[in-house]
Structure formats: structure tokens, C-alpha cells
Amino acid sequence: DIVFILNGPNLNLLGTREPEIYGHQTLADIEAMCAEKAGALGLQTVFRQSNHEGELVDWLHEAKERDAKAVLLNAAAYTHTSIALLDAIKAIGVPVVEVHLSDPETREEFRHISYVGMAAAATVQGLGAQSYIVALEKAASL
Ligand code: DQA
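Counting in UniProt numbering, the final residue of the sequence shown is number 147, and the numbers go up one at a time with none missing.
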């Protein structure tokens, strides 16, 4: 089974981006952690990052076309703004696990709304890079 792991804007800067909030691990470190965990769970992964909302929409469609078992989605700031991502999640019929490194609900008020969360099968947040690992376990058990 294949799991798409999709990352949104500014996550390419992990490691140097506000490390007190997001930690010191780079996105490449997280990709390697996910590949190892997925292997142990018998899953294949497609791991991508984009700063462009529409590209994330296209990749959600691709997850459906490729009959993915699940999608892990850290939509970053688009989480809090994107009706297009919400609609895409509803459209594809592939379970989406919402992922965040930080816990948006304990941060600024504008991070308290999650359009992704309105259609996600589950949410894992606030565990740093470990959020991805717990989300993979959830995806495997869906
Ligand atoms: C984030 C939380 C979002 O609020 C923020 O815009 C991000 C990263 C996280 O992983 O903690 O860019 O999705």
C-alpha cells in the first residue's frame, strides 16, 4: 500500500525556520524517519513539499488516481485558509490524516481554524517530527 505524505508552504525551511517552534530537524530528516517507519509498517511512501496551494490540490487528486491507502497532510499555513484543500479532501475519498509539528490550537487565534481538519479522518499535532510517525501508525490502521 502507498501513503502520500504532503507538506505545504515553508516546510522546506525546517531546521532553520523558528526552531523553537518547529524543532531542529530538516524536512529531509523527517522524510528519512517516515521512510523507515513506513517500511516497518509495510507501506510505501511518496513524500513531497510545495509552497503552492494548487500543486497540493493536484497531488491530492494524484493520491486518488494512484489508489493511495491514505494521505498524511501537513498543509502548514494553508490549513487555516484553504477551502480548496478542504474540497479536494472531500472529493478524493482517500482518508487524510492532518499533521502538524506544533499544536496550532495553543498558538495565535488565526491558527485555531483548520479547514483540513473539517474533512480529515484524524489529526496528530504538537509532537514535533514524531507527529508524522504517529500519523503513519494511524494511516496504517485505517
Ligand atoms: C504547522 C502549523 C501551521 O500553523 C503553520 O502555518 C505551519 C506549520 C505545523 O506543522 O506546526 O507552517 O502546520
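Cβ coordinates follow ideal geometry from the N, Cα and C atoms, glycine included.
Contact annotation: Val-121 and Thr-84 have beta-carbon atoms nearer than 8 angstroms. Counting along the chain, the unbroken alpha helix (DSSP H) around Ala-93 starts and ends at 88-97. Taking the Cα positions, Ala-126 is about 23 angstroms away from His-57.
Apart from the 5 residues on each side of it in sequence, Trp-64 sits with its Cβ closer than 7 angstroms to the Cβ of Phe-9, Leu-11 and Arg-53 in its chain, given in chain order.
Pairwise C-beta distances place the stretch 87-98 out of contact with the stretch 39-51, as fewer than three of them are shorter than 8 angstroms. For Tyr-137, the distance from the CB to the nearest heavy atom of the ligand DQA is not below 7 angstroms. With a cutoff of 8 angstroms on beta-carbon distance, Gln-30 and Ala-140 are scored as not near each other.
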